[in-house]
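Read through the structure below, which is laid out as structure tokens, and then see the notes.
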Amino acid sequence: MSNINNLKVNHLKNPLGIDIKGNIFSFVTNEKGPFKASLFSQDKLIQSREVKLEESKAFSFKDPLEYNTNYKLVVDSSSSKAELNFETCIKLSSPFIKPKTKGIFSPIFFKNIKIDKEIKKARLYITGLGLYQAFINGKKVGNAYLTPGYNDYDYYLRYQTYDVTELLKLNEENKIEIHMGDGWYKGRIGINKPIEKGGNVFGDEYKLCLNLSVYYKDEKEKILTIESDQSWKVKKSKEVFNNIYDGEEIDYTLPDSSEEDVVITEEKYNLIPDYGALMVEKKILKPELYISPKGEQILDFKQNMVGFIRYKGDLKKDQELVITHGEVLQQKNFYNANYRTAKAILKYKGDGEKRIYEPKFTYFGFRYALITGLEKVDPKDFEGVVIYTDLEKTLKFKSDNQNINKLVKNCKWGQRGNFLDVPTDCPQRDERLGWTADTQVFVNTACYNMDTYIFYKKYLNDLRGDQTMYFNGDIPMYSPSLKKEAGEGGAVWADAGCIIPWNIYLNYGDKNLLESNYILMKDYAETLIKRDIEQGNKKLIFEGFTFGDWVAQDGVCPQSLFGGTDPKFIKCVYYYRSIELTSLAAKELGKNEDFEKYDKLKKEIYNAILDEYFSPTGKFCLDTQTAYVLSLHYKIYRNKERVIQDFKERIKKDFYRIKTGFTGTPLILLCLFDNGMDDYAYRILFNEKFPGWIYCIKLGATTIWERWNSLLEDGTISGINMNSFNHYAYGSVCETIYSRIVGLRNLSPGWKKVLIKPQINYRLKNVNFSFESISGKFEINWKCENEKFKLNVVIPNGVEAEIILPNNKNYVVAEGKYDYECEVEKSIYAPFSIETPIIDILNNENASKIFKELLPNSYSLATGENDEFKIENIKHLSNLIMFVDPKENVKKCDEELSKIRP
Ligand code: BGC
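Numbering-wise, my numbering puts 850 at position 820 of the sequence shown, and it's gapless, one number per residue.
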């Protein structure tokens with residue numbers, strides 16, 4: 031095996047149709063280098079350069095490359111060699127065509143071609159508006175769905191490249207057909223868009239642009255080029271209806287329609303080659319049949335999934351199969367009122383022919399499917415096709431706790447279900463938009479779970495498009511903003527413009543990408559500065575919109591949207607944070623003047639926040655969980671200890687449970703772990719009662735929910751207005767699980783320096799973890815056995831790791847395999863005493879028994895109607911006037927509790 035692995039361009043292996051500029055290369059190696067990277071075209075050396083080990087995560091060649099060229103990159107050291115082949119795109123300049131008659135719904139463009147010489151290779155370069163699926167001789171071209179993807183088509187339009195060599199037949203008529211559907215371009219999209227008004231955001235006519243290049247084996251022969259031009263014909267398809275929210279209807283009994291002419295249409299689209307990761311079929315789920323009390327035939331896919339249902343059974347002539355999607359059952363019956371106006375229905379009307387039924391221009395988020403139109407449903411005729419953007423998985427996690435394992439699994443499903451070209455909030459209701467906060471809070475978790483480089487590179491470009499075309503420097507609430515249908519994002523949402531580029535840089539170490547996104551960060555920073563100046567230049571931002579601590583539990587009512595944390599404080603903190611990140615990026619990129627300016631401003635904002643929100647002696651004047659989280663996480667305080675003490679009190683008053691929303695939740699456990707409150711963090715994470723992550727799992731969650739109370743304890747849905755069962759934002763807790771509990775933290779761009787510091791607790795005994803970073807694979811396995819902690823780590827080449835054991839001993843090591851062992855504190859193996867919060871005692875069978883036996887009156891007090899006693903400890907109870915148990919039993923209880931080894 032070579033010592034140079036994972037050689038990739040733009041994080042892709044052997045892609046076709048990549049751009050001629052802006053490409054970055056990377057590889058993983060266990061050698062020290064330096065390496066020689068040589069770029070060949072047709073065996074001719076074009077460029078070569080030296081690559082140092084630390085550059086191996088992201089290096090480039092001089093731009094531009096040539097269009098339509100096969101390149102070979104060879105990376106070699108004295109002892110190893112690796113190769114990568116890739117092909118650049120053509121400059122697609124074929125005309126756009128459209129049906130001559132406006133109004134044909136979901137048409138098929140077609141043309142027959144004859145090939146009379148042996149083919150060496152054939153490429154189809156294609157794009158369309160709205161969505162297209164191409165077929166050659168009845169076979170689908172490529173494995174992608176929903177192409178050309180989702181973005182603001184007025185900003186750029188991607189064309190894809192397919193290898194179609196195998197689909198073309200020699201000496202026969204080859205039938206090329208391009209089916210088109212509405213998609214995001216033309217179909218209903220956007221919040222509160224009734225079907226009559228929702229469409230045509232980007233245009234109202236289907237358009238197609240393609241180039242089919244066929245290269246003959248005999249090199250002397252010219253290539254055959256077929257373009258979209260006047261020679262194409264178009265006809266109506268059998269699609270009756272399709273759009274993203276409502277689903278698709280196909281009537282196979284419709285007669286074949288007559289062909290019509292196409293016309294060439296002058297278009298000014300900014301055509302760019304695709305980034306290279308398309309939405310493809312990634313998994314197949316087999317359903318079970320469930321008959322509801324109402325007698326409904328329901329398929330249960332056992333997993334909230336995103337994609338569509340494929341039907342392989344038969345339909346007689348005029349038989350109509352209707353599939354309606356839903357996420358949860360209610361009263362054991364089918365339900366989907368939380369999809370709001372999205373109909374999410376698939377309808378097929380049969381003509382008696384045998385075929386496989388699947389939709390072409392829509393997708394659904396669902397676990398259940400209500401089937402009507404079949405007398406008896408055979409679940410074997412159906413499969414759930416999971417589709418998402420084709421990104422590599424990079425993380426494995428397993429622990430001894432099934433709930434935590436399930437949480438990580440649910441988080442990964444949440445990512446799959448919301449990574450369809452755009453990072454969406456949810457995949458099922460009439461929304462599915464690229465909400466900026468949702469993905470900002472999730473970005474680090476996403477980068478642990480998958481190699482998301484390309485996905486976010488595209489999304490950052492989308493943000494930039496919105497910023498420049500519609501928002502004058504600001505960032506929208508969601509992107510694509512649907513031509514400014516979204517408002518300005520406000521704090522936490524719009525700050526995605528600074529937070530995502532910086533985190534993508536930290537995760538993948540690509541300075542070129544940071545450089546190209548710097549303008550996005552800077553323009554947003556300047557927008558904030560302008561806002562501050564307009565408000566009196568106080569280095570504070572009080573006015574303007576923010577969603578605040580969205581759907582937090584400390585708002586005015588359980589369904590509160592904005593939560594209870596002072597929105598002004600949130601605005602000021604995120605002003606500070608975005609300026610800080612812009613200053614860090616400026617520094618990293620050597621933009622010294624900018625760095626000085628933003629660094630100075632950052633300090634001024636910091637001081638202004640202190641003056642506004644902290645007393646001279648350090649008392650923090652806000653008292654919500656999220657306020658404490660922001661203060662501690664961003665290190666904004668006069669007296670850290672006081673903030674910590676007050677935060678602990680707040681959590682205790684909140685019954686040791688989470689109350690935070692979109693702003694506080696992603697950070698709360700990070701903040702607790704980083705400020706010496708590990709036990710608080712574990713208690714919140716492991717809490718099985720409402721509200722909390724495990725509460726959802728206990729109620730059957732297979733993905734992450736939008737709200738802590740998406741389902742109430744009895745399984746009833748808490749409301750339908752804003753209630754999704756596949757909303758990845760709170761899955762951001764996995765960043766804490768990976769970085770603080772497993773303990774692998776990134777300290778420098780591209781994972782070149784890491785900290786491994788497992789923060790352990792009696793509630794978790796072992797973890798097995800691996801993560802394939804851009805610098806190579808980390809492995810961390812740890813376990814707690816009685817009084818011993820054992821850690822095995824594998825550090826990849828070129829990485830420096832600081833390892834801190836639970837006994838605080840630390841080691842700095844380079845690549846290699848290491849085993850450590852240490853004694854742990856008593857609180858880890860014998861955590862119970864009379865100073866343990868009573869809720870923890872009650873959660874442990876043995877501890878609870880001891881408490882009950884030795885202090886029966888206090889036990890009844892604590893388990894009685896007044897919950898207040900549960901947040902106290904036994905020692906506290908024993909000092910109360912109502913304490914009537916024998917005093918000497920308190921000490922005994924303490925001794926017995928301390929013997930428990932959970
Ligand atoms: C979305 C959220 C989003 C929010 C804005 C909702 O409708 O689903 O996830 O961030 O609006 O507050």
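Ideal Cβ positions, reconstructed from N, Cα and C, are used throughout, including at glycine. Note that the structure is a prediction, hence the values are computed from the model and not measured.
With respect to the 7 Å criterion, N903 and E865 are classified as neighbours on the basis of their beta carbons. Burial state of C477 is buried, judged by a 10 Å Cβ sphere holding 16 or more other Cβ atoms. Judged by DSSP in its simplified three-state form, P597 adopts helix. Inclusion of F577 in the 6 Å shell around the ligand BGC follows from its C-beta lying nearer than that to a non-hydrogen atom of the ligand. Within the same chain, L197 come within 6 Å of K169 by CB-CB distance, once the 5 residues on both sides are set aside.
Here K199 carries a coil assignment [DSSP, helix/strand/coil]. For the pair L404 and F364, the CB atoms are not nearer than the 7 Å cut-off. Taken through DSSP and simplified to helix, strand or coil, A88 comes out as coil.
The DSSP-derived three-state label of M499 is helix. Given a length threshold of 3 residues, each whole run of the beta strand (DSSP E) inside the segment 706 to 792 is given here in chain order: 774 to 776, 783 to 786.
The DSSP-derived three-state label of A307 is coil. The C-beta of A367 has fewer than 16 other C-beta atoms within 10 Å across all chains shown, which makes the residue exposed. Per DSSP, the unbroken alpha helix (DSSP H) holding L660 starts and ends at 655 to 663. The segment 99 to 130 contains, as complete beta strand (DSSP E) runs of 3+ residues, the segments 100 to 106, 111 to 117, 126 to 129 (chain order). Counting the other Cβ atoms within 10 Å of the Cβ of D496 gives 16 or more, which makes it buried. Put simply, the segment 505 to 520 touches the segment 215 to 234. At least three CB pairs are less than 8 Å apart. Under a 10 Å Cβ-count criterion, E610 is classified as buried, with 16 or more other Cβ atoms of the shown protein chains found around its own Cβ.
Looking at the backbone, the Cα of Y393 and that of Y275 are separated by about 8 Å. In the three-state reduction of the DSSP assignment, F364 falls in the coil class, being assigned neither a helical nor a strand state. For W532, the enclosing alpha helix (DSSP H) starts and ends at 526 to 538. Annotation for W738 indicates a beta carbon at 6 Å or more from all heavy atoms of the ligand BGC. A distance below 7 Å separates the beta carbons of D291 and K130.
Counting C-beta pairs with one atom in each stretch, the segment 628 to 637 and the segment 677 to 695 have fewer than three that are closer than 8 Å, which means they do not touch.
The closest heavy atom of the ligand BGC lies 6 Å or more from the beta carbon of A367. Proximity of the beta carbon of D468 to the ligand BGC is indicated: a heavy atom of the ligand is located closer than 6 Å.
Shown here, D73 sits in coil according to DSSP, grouped into three states, outside any helix or strand.
DSSP lists I825 as the bridge partner or partners of G846. I321 and T195 have their C-alpha atoms roughly 47 Å apart. Ranked by Cα distance from N60, the first of L75, L42, S107, N44 is S107. With respect to the C-alpha of N873, the residue from F716, E898, K813 having the closest C-alpha is F716.
The beta carbon of W465 sits closer than 6 Å to at least one heavy atom of the ligand BGC.
In this structure, N201 sits near D146, with a CB-CB distance shorter than 7 Å. Between V772 and I810, the gap from beta carbon to beta carbon is short of 7 Å. With a cut-off of 8 Å on Cβ pairs, the segment 600 to 609 is in contact with the segment 520 to 537, counting three or more such pairs.
Between D481 and V310, the beta carbon gap of about 15 Å keeps them out of contact (Cβ cut-off 8 Å).
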